[in-house]
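Number of protein chains: 2
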Amino acid sequence: MDEQQAISAFSALAQAHRLRIVRALVEAGPDGLAAGALAAAGGISSSNLSFHLKELEHAGLVRSRRASRSIIYSACLTALSGLVAFLMQDCCQGHPEVCAPAAAALAACCTSKESKLDA
Amino acid sequence: MDEQQAISAFSALAQAHRLRIVRALVEAGPDGLAAGALAAAGGISSSNLSFHLKELEHAGLVRSRRASRSIIYSACLTALSGLVAFLMQDCCQGHPEVCAPAAAALAACCTSKESKLDA
DNA sequence: GCAATATTTCAATAACTTTTGAGATATTGG
DNA sequence: CCAATATCTCAAAAGTTATTGAAATATTGC
């Protein structure tokens, strides 16, 4: 992840419809959601949704595949974790107090689910 | 950190000058940098810099204090780590594969410096 | 092949953001 | 107090992004 990719990703996430779309897709997991389902959930017109999905796709945050008449979108998890890594990358240059709380939040979130996965 | 704050923060970071300013301030640490120093480093006019610093301040990513004739800016580390926590918040809802790589990057970055700190 | 469904494209417009430069304000040293 | 320094404010212009609605494209079931 370089600066330009990070800026594209931040721009993509800096819009309410798109941030909600990304969160919905992360929640939906690898199966993703059809464009129509996202439009219905977001109360947004299909052409406007299409515009936002393209922005997200260009930013590398989501991918799409066709399934019959629908286009299914899913989150690019590596892009999201790469963005976090990019933000954190500079944080520790002598100042671990930046990432300590982030690391704690992340640790709490992941360890609580790891047990679920194992089950 | 709620959705609206996250959007403000993403908007603030979605601009090359501002992203560089934030990174420079994180690197500079708690002492921060004077507006003039940032302008010189970024090759940007003082009025344009002032505009961007206000955007960052409104987004809660930086704070300012006056020191004699200069205004010193510094990064709000808690806002940055809060943003990471917000991005990660939804990630684990059954999908730890999102945060595992982010957690690894974060862990690598922090553990390598912790020893430095201890010294 | 035709009608129905799902999504995208396009153009117009509205809304917002960035840059510029001129001038205003605040602080200090002499 | 005055001149110098540092930063901010404001308005205009340029550039970018979001929304809308109509029309185009792709896929399927009959």
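Respectively, the protein sequence lines represent chains A and P. -14 is the number of the first residue of the first sequence in this note's numbering; add one for each residue after it. -14 is the number of the first residue of the second sequence in this note's numbering; add one for each residue after it. Here a beta-carbon is modelled for each residue, glycine too, at the ideal position from N, C-alpha and C.
Extent of the continuous alpha helix (DSSP H) to which residue i belongs
{"i": "Arg51(P)", "result": "From DSSP, Arg51(P) is part of no alpha helix (DSSP H) but of the beta strand (DSSP E) over Val47 to Ala52."}
{"i": "Ala44(P)", "result": "No alpha helix (DSSP H) contains Ala44(P), which DSSP labels as neither H nor E."}
{"i": "Ala60(P)", "result": "Here Ala60(P) belongs to no alpha helix (DSSP H); instead the beta strand (DSSP E) covers Ser55 to Ala60."}
{"i": "Gln0(P)", "result": "Segment: none, Gln0(P) is in no alpha helix (DSSP H) and carries neither H nor E."}
C-beta neighbour in chain A for residue i, strict 8 Å
{"i": "Glu(-12)(P)", "result": "yes"}
{"i": "Ala(-1)(P)", "result": "yes"}
{"i": "Val47(P)", "result": "no"}
{"i": "Ser59(P)", "result": "no"}
{"i": "Leu18(P)", "result": "no"}
{"i": "Ser53(P)", "result": "no"}
{"i": "Ile6(P)", "result": "no"}
Simplified DSSP state of residue i, which is helix, strand or coil
{"i": "Ser30(A)", "result": "coil"}
Residue j beta carbon less than 8 Å from that of residue i
{"i": "Ala13(A)", "j": "Leu68(A)", "result": "no"}
{"i": "Tyr58(A)", "j": "Gly27(A)", "result": "no"}
{"i": "Ser(-4)(A)", "j": "Ala(-1)(P)", "result": "yes"}
{"i": "Val7(A)", "j": "Leu34(A)", "result": "no"}
{"i": "Ala20(A)", "j": "Ile56(A)", "result": "yes"}
{"i": "Glu40(P)", "j": "Arg3(P)", "result": "yes"}
Within-8 Å CB hit, residue i to chain P
{"i": "Phe36(A)", "result": "no"}
{"i": "Leu41(A)", "result": "no"}
{"i": "Leu72(A)", "result": "yes"}
{"i": "Ala(-9)(A)", "result": "yes"}
{"i": "Leu23(A)", "result": "no"}
{"i": "Ser30(A)", "result": "no"}
With 16 other Cβ atoms within 10 Å as the buried cut-off, status of residue i
{"i": "Ser124(P)", "result": "Beyond the ends of chain P as shown, which are -14 and 104, falls residue 124(P); an answer cannot be given."}
{"i": "Phe36(A)", "result": "exposed"}
{"i": "Arg25(P)", "result": "Residue identity check: residue 25(P) is Ala in the sequence provided, not Arg. Burial call: exposed."}
{"i": "Ala60(A)", "result": "buried"}
{"i": "Ala52(A)", "result": "exposed"}
{"i": "Ala44(P)", "result": "buried"}
{"i": "Ala1(P)", "result": "exposed"}
{"i": "Ala(-9)(A)", "result": "buried"}
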